[in-house]
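Data block below; observations after.
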Amino acid sequence: MILAGIGAGLAALGAGLGIGKIGGSAMEAIARQPEATSKIQTAMIIAAALIEGVALFAVIVALITNK
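Its first residue numbered 1, the sequence shown is counted upward by one per residue in full-length UniProt numbering.
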């Protein structure tokens, strides 16, 4: 059960770091090219959603496989 908690925590940590990197990079890109804001935001939201999906899958797998 402890390994499940560690696995779920690592998945959440990885997702947080990934989304933070995406957000920072998007803000930097918007600062460089303000006219491309809508395209950058759309790509950022899609990438963040994909990361969240993978993180949720990893948490579920970590919790199910350690029963």
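We treat Cβ as the ideally placed atom computed from N, Cα and C, and that holds for glycine.
How big is the Cα-Cα spacing for residue i and residue j?
i: G14; j: V54; result: 10 Å
i: S38; j: I6; result: 37 Å
i: E35; j: I19; result: 23 Å
i: L3; j: A58; result: 13 Å
i: I46; j: I60; result: 21 Å
i: G16; j: M44; result: 14 Å
i: I64; j: L56; result: 12 Å
What residue range does the alpha helix (DSSP H) around residue i cover?
i: Q41; result: T37 to T65
i: M27; result: I2 to R32
How would you label residue i, buried or exposed, when you count the other beta carbons within 10 angstroms and need 16 or more for buried?
i: A11; result: buried
Assuming contact is defined by CB atoms lying nearer than 7 Å, are residue i and residue j in contact in what I supplied?
i: A62; j: A8; result: yes
i: I40; j: A31; result: no
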